[in-house]
Amino acid sequence: MSLGTDATVDEWQARLIGLSHSLHAEPEVAFEEHTSVAKLAALMDEAGFDVGKGMWDLPTALLATYGEGDLTIGICAEYDGLPGIGHGCGHNIICASSAGAAIALRTAADRYGFRIALLGTPAEESGAGKQLMLERGAFDDVTVAMMVHPGPAADTAGAGDSTQACSRFSVTFEGRPAHAAGAPWDGVNAADAAVISQVAIGLLRQQTPPGYRIAGFVRTGGEKTNIIPERSVLEYEVRAPDADRLVTLRRRVQACFEAGALATGATVEFRRTEPDYLDLRNDTWLMERYSGHLSAFGRTAIPLPGGLSAASTDMGNVSHAVPSIHPMIGLRGVTAMPHTREFAAEAAGPAGDEALLHAAKLLARTATDLAATPERRAAYLARGR
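Okay, structure coming up:
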């Protein structure tokens, strides 16, 4: 059901595309999205929403609300870019499409008596901003949550589709310096500990199931060639299909680092660099409603191979607390993969603009379906009590 939502998106088309392109031209990384959130706030204020910035003790988080009622439909807007790449994950599209959906829902909110909550969510690429928001109560009054993420070509919107759980951590080896030529035997080589660990991880990959991921890099590994490295720091992440298997994989990877310390005599310390990202649990009914509207825009839902994306998102954390959907919308004709400069260029091109408008309309239609279906509305409200 659209109830005029498509027409409203069309009415706001120039302003929504303008927001997307403006965000794209000035990308800001996690927790530094000050200009981006100000642009979003200005648009939502123009649309008649009550707007609050710096919400939940997060300077770049936002809450824009409209309407009243027992049902609160949360729409998440991401706007952080990638270091050195800009909007290579299309968060400019996400922000503008979520804003468009919220604006388009105003008439439905007045008719069916529900509250629209546009949640500006910082730091999706790193920092797990939505998890911080969850912990601080941002989703306490949200009945359902939704957003659409852009990707290359295909529209993936299977009810069983999921993303990987992800954990990121730093590893610090401490050794003992010595003259590398005069008395290397007096040293404890922290860089060697890192090398041994990475070799062990390379061998571990042979025993990890398909779909598991281990990635990382050495941040520091020494200062000068004539000094045995005293300190080595690495940044690593592990991904697995769900939170339980993530814990198992993380333990096995950390055992590789402990082996490096044992072999060299160094000490090792682990530190979580951000909250874990949980696997995504798409709500079946909401995803079916969303998928049912795709044909109106010449699109077809294609389930993910095996139902699992290699990517991770903090929307997964939200989905463990609130019924949620996070479908992917394809940039038609685009083959570039996200997190590349090529995809970043497309995110402000014609295919990106089209995906933005379609996503806004699809979200608004899906939300209206829920608000206008009394038995489903009651069921979701009961789940939140």
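Every letter in the sequence shown is one number past the one before it in our numbering, and letter 3, counting from 1, is -7.
Beta carbons: idealized from backbone N, C-alpha and C, even for Gly.
As the structure is a computational prediction, the values presented were derived from the model and not from experiment.
Query: Is H77 near H316, with beta carbons less than 8 Å apart?; Result: no
Query: The beta strand (DSSP E) with V258 in it runs from where to where?; Result: 257 to 262
Query: So the beta strand (DSSP E) L52 belongs to, where does it begin and stop?; Result: 52 to 56
Query: Whose CA, out of E22, G117, M34, lies closest to the CA of S88?; Result: M34
Query: When you compare only the Cα positions, how much space is there between A368 and F247?; Result: 51 Å
Query: Taking the runs of the alpha helix (DSSP H) that are 4 residues or longer, which of them lie wholly in the stretch 69 to 110?; Result: 81 to 94, 96 to 102
Query: Using only the alpha-carbon positions, how far apart do T356 and R279 sit?; Result: 6 Å
Query: Taking C-beta to C-beta, are E183 and S222 nearer than 8 Å?; Result: Checking the sequence, you will find Ala at residue 183 rather than Glu. Contact: yes.
Query: On the DSSP letters alone, give me the boundaries of the alpha helix (DSSP H) that D234 sits inside.; Result: 233 to 254
Query: Please state the DSSP three-state secondary structure of L30.; Result: helix
Query: Using C-beta distances below 6 Å, list every residue in its chain close to I80, excluding the 5 sequence neighbours before and after it, in chain order.; Result: It is Gly, not Ile, that sits at residue 80 in the sequence shown. These residues qualify, in order along the chain: P140, A337.
Query: Would you decide whether T303 is buried or exposed? Buried here means 16 or more other CB atoms lie within 10 Å of its CB.; Result: buried
Query: Which residue wins for smallest C-alpha separation from P231, given the options A249, T215, L268?; Result: L268
Query: Looking at G320 and A67, is the spacing between their C-beta atoms short of 8 Å?; Result: no
Query: Closer than 6 Å by C-beta to T330: which residues in its own chain qualify, once you throw out the five before and the five after it? Chain order, please.; Result: G78
Query: If we ignore side chains and look at the alpha-carbon of each, how far apart do R240 and E332 end up?; Result: 32 Å
Query: Give the DSSP-derived three-state secondary structure of V41 in the structure shown.; Result: strand
Query: Mind reading off the beta-carbon distance from V41 to A31? Whole number of angstroms is fine, and I expect it under 8 Å.; Result: 5 Å
Query: Across the stretch 147 to 156 and the stretch 338 to 348, are there enough close Cβ pairs to call them in contact, namely three or more that are closer than 8 Å?; Result: no
Query: What did DSSP end up calling D47 once you bin it into helix, strand or coil?; Result: helix
Query: For R271 and V312, I'd like the C-alpha separation in whole angstroms.; Result: 10 Å
Query: Using C-beta distances below 6 Å, list every residue in its chain close to W46, excluding the 5 sequence neighbours before and after it, in chain order.; Result: M123, R126, A128
Query: Return the bridge partner residues of P217 from the DSSP annotation.; Result: Note on identity: in this sequence residue 217 is Ile, with Pro being the wrong assignment. Note: I217 sits in a beta bridge opposite H169.
Query: Name, in chain order, the residues that DSSP records as bridge partners for L61.; Result: F104
Query: Going by Cα to Cα distance, which pick from P167, I65, A135, E344 is closest to T254?; Result: P167
Query: Distance check for T210 and G306, CA to CA, integer angstroms please.; Result: 32 Å
Query: In whole angstroms, what is the alpha-carbon distance linking R366 and L360?; Result: 6 Å
Query: So the beta strand (DSSP E) G141 belongs to, where does it begin and stop?; Result: 139 to 142
Query: Where do the ends of the beta strand (DSSP E) carrying S160 lie?; Result: 155 to 164
Query: Would you give the residue range spanned by the alpha helix (DSSP H) that A184 belongs to?; Result: 180 to 194
Query: When you compare each of I217, V208, T215, I191 to V442 by their alpha carbons, which one comes out closest?; Result: In the structure as shown, the chain starts at -9 and stops at 375, and residue 442 therefore has no counterpart that could be examined.
Query: Using a Cβ distance threshold of 8 Å, determine whether the stretch 102 to 110 contacts the stretch 46 to 65, with at least three qualifying pairs required.; Result: yes
Query: Sort out for me which residues DSSP pairs S281 with in a bridge.; Result: Per DSSP, none; premise fails for S281.
Query: Just curious, the alpha helix (DSSP H) that T133 is in, first and last residue?; Result: Where T133 is concerned, there is no enclosing alpha helix (DSSP H), given that its DSSP letter is neither H nor E.
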